[in-house]
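Under this note's numbering, the residues of the sequence shown are numbered 1 to 350, in order.
Here's the structure, in structure tokens; my notes come after.
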Amino acid sequence: MRKTKIVKIGNLFIGGDNPVIIQGMTKVPTSNILSLKKQISNMIKEGAEMVRISVIEEKDVNIIPILKKEFDIPFIADIHFNWKLAVLSINKGIDKVRINPGNIEKKYLKEIIRVAKEFNIPIRIGLNSGSIKIKDDIVSSMVKFADEIIKFFEDNNFFSLVISMKTPYVKETIECYRKISEKYNYPLHLGVTEAGSDYLGISKSVLGIGILLNEGIGDTIRVSLTAPPEEEIKVAKSILQALNLRIFEPEIISCPTCGRIKVNLNKILEKVKKEIKKIEKEHPKVKNLKIAVMGCSVNGPGEAKQADIGIAGGDKKWVLFRKGEIIGTYPEEKIVEKLIENIYTFLSIV
Numbered sequence: 001m002r003k004t005k006i007v008k009i010g011n012l013f014i015g016g017d018n019p020v021i022i023q024g025m026t027k028v029p030t031s032n033i034l035s036l037k038k039q040i041s042n043m044i045k046e047g048a049e050m051v052r053i054s055v056i057e058e059k060d061v062n063i064i065p066i067l068k069k070e071f072d073i074p075f076i077a078d079i080h081f082n083w084k085l086a087v088l089s090i091n092k093g094i095d096k097v098r099i100n101p102g103n104i105e106k107k108y109l110k111e112i113i114r115v116a117k118e119f120n121i122p123i124r125i126g127l128n129s130g131s132i133k134i135k136d137d138i139v140s141s142m143v144k145f146a147d148e149i150i151k152f153f154e155d156n157n158f159f160s161l162v163i164s165m166k167t168p169y170v171k172e173t174i175e176c177y178r179k180i181s182e183k184y185n186y187p188l189h190l191g192v193t194e195a196g197s198d199y200l201g202i203s204k205s206v207l208g209i210g211i212l213l214n215e216g217i218g219d220t221i222r223v224s225l226t227a228p229p230e231e232e233i234k235v236a237k238s239i240l241q242a243l244n245l246r247i248f249e250p251e252i253i254s255c256p257t258c259g260r261i262k263v264n265l266n267k268i269l270e271k272v273k274k275e276i277k278k279i280e281k282e283h284p285k286v287k288n289l290k291i292a293v294m295g296c297s298v299n300g301p302g303e304a305k306q307a308d309i310g311i312a313g314g315d316k317k318w319v320l321f322r323k324g325e326i327i328g329t330y331p332e333e334k335i336v337e338k339l340i341e342n343i344y345t346f347l348s349i350v
């Protein structure tokens, strides 16, 4: 993992050896306080650790103290065009400001820097390909503009920075982050902006963010989808868990099924998931387990031997195995019950 400068954001730290933090963003007018709170609550429930809000007029700024009082997470003000809103947000207690230097003049950036220094508030330089002039190609234009803006902040003795280099395109986004990570040790906020919706939007986010994280690049992430904000948090968690960077829930290994299957794997899998959710409330350490639910002997104890515990279907029978060793055979109506019993036993000895 690439080690970056540590930056404090509210009660969290990003960079250094700190875990990659999940950020979400609200999608309703900030002044619509009831809808805003509902979205924030939904995101936190799914695992959001920081939340960004749009600040587009002065009345939005007055919401910041209300959120700070009600929720124990850092909040970020998203600022475009109007530099005064950044200053007002800092004065109202925001934990970080995201500015887009593509639409704020440098003379006004100086004033934001001055107030951020006074209140010891970090700033994210949030570059988007749509907000800068593309001269040659997206990557070189983005990196050149980033160099210019970072130098401007450093020349003004401001170093509490987070950098993002977002485009709507996977390859260009990856290349922008690779190049900027070679030049600076500021923490990086990852994301593919305007990724879209459904499978393609999710795929672009998984690839763009996941490839970079796998290379050790990235300190905080935000998945951007045309979807409810809590759905973005679910995808972000999945990316981190898939790369084994953070563990949020037990990993259930299940086969895709094929013509060999003689059991109702989907039915059993859903039962297992439901029971695991119950165990999580009593035994949080269950999240560290790898649990296999396999459809036949081919994908059973052999291919799933990396699992801590699992089950595999056969001809009207299921086998229960632990670390690849079969420990029992049971009918379908009993297999979930026996699996859960053995998970409890496993948890008591690990």
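For every residue, glycine included, the Cβ atom is placed at its ideal position computed from N, Cα and C.
Source: prediction; values computed, not measured.
Item: Distance CB(Val-223)-CB(Glu-175) smaller than 7 Å; Value: no
Item: Ala-195 (DSSP reduced to helix, strand or coil); Value: coil
Item: Of the listed residues Lys-38, Lys-37, Gly-93, nearest to Asn-11 (C-alpha basis); Value: Gly-93
Item: Residue range of the unbroken beta strand (DSSP E) whose run includes Asp-308; Value: Neither: Asp-308 is in no beta strand (DSSP E) and is coded neither H nor E.
Item: Helix, strand or coil at Asp-60 according to DSSP, with G and I counted as helix; Value: helix
Item: Buried/exposed call for Asn-157, threshold 16 Cβ in 10 Å; Value: exposed
Item: Same chain only: Cβ atoms within 6 Å of Leu-67, ignoring 5 sequence neighbours per side; Value: Phe-75
Item: Option in Asp-60, Trp-83, Ile-90, Asp-95 with minimal Cα separation from Phe-71; Value: Asp-95
Item: Lys-135 - DSSP class collapsed to helix/strand/coil; Value: coil
Item: Nearest to Arg-98 (by Cα), restricted to the options Val-55, Lys-110, Glu-111; Value: Val-55
Item: Extent of the continuous alpha helix (DSSP H) to which Arg-114 belongs; Value: 106 to 119
Item: Close beta carbons around Ala-86, own chain, < 7 Å, minus the five adjacent residues each side; Value: Ala-77, Ile-79, Val-97, Ile-99, Ile-112
Item: Continuous beta strand (DSSP E) stretch holding Tyr-330: start and end; Value: 325 to 331
Item: Ser-141 - DSSP class collapsed to helix/strand/coil; Value: helix
Item: contact_flag[the stretch 220 to 238, the stretch 256 to 272] where n(CB pairs < 8 Å) is 3 or more; Value: no
Item: Backbone CA spacing between Met-43 and Lys-262 [nearest angstrom]; Value: 40 Å
Item: Which of helix, strand or coil DSSP assigns to Val-55; Value: coil
Item: Touching by the beta-carbon criterion (3+ pairs, under 8 Å), the stretch 276 to 287 and the stretch 303 to 312; Value: no
Item: Rounded C-alpha distance that separates Ile-123 from Gln-23; Value: 15 Å
Item: The stretch 238 to 253 contacting the stretch 33 to 40, beta-carbon criterion three pairs below 8 Å; Value: no
Item: Cβ-Cβ distance between Leu-161 and Leu-190 below 7 Å; Value: no
Item: Ile-276: first and last residue of the uninterrupted alpha helix (DSSP H) it sits in; Value: 265 to 282
Item: DSSP three-state assignment for Phe-346, whether helix, strand or coil; Value: helix
Item: Three-way DSSP call (helix, strand, coil) for Val-286 in this model; Value: helix
Item: Cut-off 6 Å between Cβ atoms - residues of its own chain near Val-319, not counting five sequence neighbours on either side; Value: Ala-312, Ile-326, Thr-329
Item: Opposing strand residues paired with Asn-103 [DSSP bridges]; Value: Looking at the DSSP assignment, Asn-103 forms no beta bridge with any residue, so it has no partner.
Item: Terminal residues of the beta strand (DSSP E) in which Leu-240 lies; Value: Looking at the DSSP string, Leu-240 is not in any beta strand (DSSP E); the run it does join, the alpha helix (DSSP H), is 229 to 242.
Item: Among Arg-178, Thr-220, Ile-253, nearest to Ala-292 - alpha-carbon criterion; Value: Ile-253
Item: Close Cβ partners of Leu-269 (< 7 Å) along its chain, the five nearest in sequence each way excluded; Value: Ser-254, Val-293
Item: Which residues DSSP lists as bridging Leu-190, in chain order; Value: Ile-221
Item: Anticipated Cβ contact below 8 Å, Glu-275 with Val-206, distance rounded; Value: Glu-275 to Val-206, Cβ: 28 Å. No contact.
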